Amino acid sequence: MSNKDSKVKDDGYIFMVLEYGEIDLAHMLSQKWKEIDGCDQTIDDNWLRFYWQQILLAVNTIHEERIVHSDLKPANFLLVRGSLKLIDFGIAKAIMSDTTNIQRDSQVGTLSYMSPEAFMCNEIDADGNTIKCGRPSDIWSLGCILYQMVYGMTPFADHKTFWAKFKVITDPNHEIKYPPLPNPWLLDLMKKCLAWDRDKRWRIPQLLEHPFLRPPIPPRPYSSCSPSRTCKLVQLISEACTTEREASTLRQHMLQLANTSVKSQLHIEEVKGSSAPPNSQSYTFTFCNN
């Protein structure tokens with residue numbers, strides 16, 4: 001800490017200057033949903049991509065340092081000069097070097113975002129192993145956050161009490177409801193985060209490469225007509241043109257019909273030969289693909 005960051009007075013108090021967060025993600029979402037309230041709309045995919053990627057990068061930073069946050073929720077992401085920053089590490093815990101999990105003495109976290117293993121901490125699973133929390137527990141919380149960003153509520157918002165939430169979240173046979181979405185990749189992304197089996201949940205490096213964040217480039221439209229056949233067809237049609245004006249008119253029509261996915265130009269070429277009628281001209285049209 002430098003002298004610019006703090007000041008000690010004679011009374012012994014320390015004053016610290018910290019970054020100012022304009023708003024947290026919880027209030028951002030509340031405002032966003034108020035804007036589209038009453039309209040049959042969802043939050044724009046590009047808006048979701050922008051902030052979802054920032055959320056992933058923030059959590060990935062602490063995961064790389066072997067820290068599990070354990071209380072990820074929209075209120076703990078603060079917007080600072082346009083970027084989301086992760087706050088409130090009050091119950092965060094480091095992962096020991098000889099394991100991938102953390103040990104807790106009690107259930108901790110915010111109910112609506114707690115993973116199944118967070119509810120069952122220190123219990124014995126079907127295989128006789130002690131249930132512990134690790135990075136996948138944070139991934140579940142991220143899935144709940146994304147679900148709220150998409151639908152305006154958490155996956156278990158309909159279950160109001162602690163025991164009601166505990167029952168459905170810890171039930172491996174419970175199916176989370178996913179209302180239809182126009183983007184199937186977004187639906188797939190949420191399911192990758194909210195898999196009940198923690199070993200099946202995607203890790204953050206995988207999520208950062210998910211097709212929702214990196215949409216695949218659509219293939220170019222396929223044309224069943226080969227360039228050679230197209231040129232032949234145009235040439236046959238152009239034989240009916242006996243004046244340059246007619247040829248120019250036909251050229252304009254053909255340009256309008258040309259495949260917009262291929263930059264094509266039609267060139268008029270005057271052809272004189274024995275096959276042309278006396279005192280007349282024939283015009284040949286050819287495609288030039290750039």
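Just so we're aligned: 281 in the UniProt record's numbering is position 281 of the sequence shown, and the numbers increase by one with no gaps anywhere. All C-beta atoms in this analysis are idealised placements derived from N, C-alpha and C, irrespective of residue type, glycine included. Please read all numbers here as calculations on a predicted model, not as lab measurements.
Going by the beta-carbon positions, is the gap between G143 and R201 smaller than 9 Å?
Taking the first residue of the sequence shown as position 1, residue 143 is located at position 143. Taking the first residue of the sequence shown as position 1, residue 201 is located at position 201. A contact, by the Cβ cut-off of 9 Å.
Beta-carbon spacing of S70, D138 below 9 Å
The count along the sequence shown starts at 1 and reaches residue 70 at position 70. The count along the sequence shown starts at 1 and reaches residue 138 at position 138. Yes, Cβ-Cβ distance for S70 and D138 is below 9 Å.
From H210 to L189, what distance separates their C-alpha atoms?
Locating residue 210 in the sequence shown gives position 210, counting from the first residue. Locating residue 189 in the sequence shown gives position 189, counting from the first residue. For H210 and L189, the distance between alpha carbons rounds to 7 Å.
Inspect the beta-carbon positions of R198 and S141 and report whether they are closer than 9 Å.
Against the sequence shown, residue 198 aligns to sequence position 198. Against the sequence shown, residue 141 aligns to sequence position 141. Contact annotation: R198 and S141 have beta-carbon atoms that are not nearer than 9 Å.
Can you tell me whether C288 is buried or exposed? The criterion is at least 16 other CB atoms within 10 Å of its CB, across all chains shown.
Taking the sequence shown and counting its residues from 1, the one referred to as residue 288 is at position 288. Low per-residue confidence applies at C288: pLDDT is 46, beneath 50, and the placement is therefore not dependable, though the value from the model is reported in the following sentence. For C288, the number of other beta carbons within 10 angstroms of its own is below 16, and it is reported as exposed.
Using the C-alpha atoms, what's the distance from T61 back to Q265?
On the sequence shown, residue 265 is found 265 positions in, with the first residue counted as 1. On the sequence shown, residue 61 is found 61 positions in, with the first residue counted as 1. Residue placement at Q265 cannot be trusted, given a pLDDT of 43 that sits under 50; the coordinates are not used to answer.
Quick check: what's the CA-CA separation for N173 versus D45?
What you label residue 173 is simply residue 173 of the sequence shown in a count that begins at 1. What you label residue 45 is simply residue 45 of the sequence shown in a count that begins at 1. Our two residues, N173 and D45, have alpha carbons roughly 30 Å apart in a direct line.
To the nearest angstrom, how far is the alpha carbon of L57 from that of I67?
Walking along the sequence shown from the start, residue 57 turns up at place 57. Walking along the sequence shown from the start, residue 67 turns up at place 67. Approximately 14 Å, taken between the alpha carbons.
Quick check on L18: buried or exposed, where buried means 16 or more other Cβ atoms within 10 Å of its Cβ?
To locate residue 18, count along the sequence shown from 1; it is residue 18. So L18 ends up on the exposed side.
Exposed or buried, which one is Y20 when buried takes at least 16 other CB atoms within 10 Å?
Translated into positions along the sequence shown, residue 20 becomes position 20. So Y20 ends up on the exposed side.
Quick one: grab the DSSP three-state call for D149.
Looking up residue 149 in the sequence shown gives position 149. Sequence inspection shows Met at residue 149; the Asp mentioned does not correspond to that position. Helix, per DSSP.
Measure the beta-carbon distance from P74 to Q148 and round it to whole angstroms, keeping in mind my assumption that it falls under 8 Å.
By one-based count along the sequence shown, residue 74 stands at place 74. By one-based count along the sequence shown, residue 148 stands at place 148. With a Cβ gap of about 7 Å, P74 and Q148 count as contacting.
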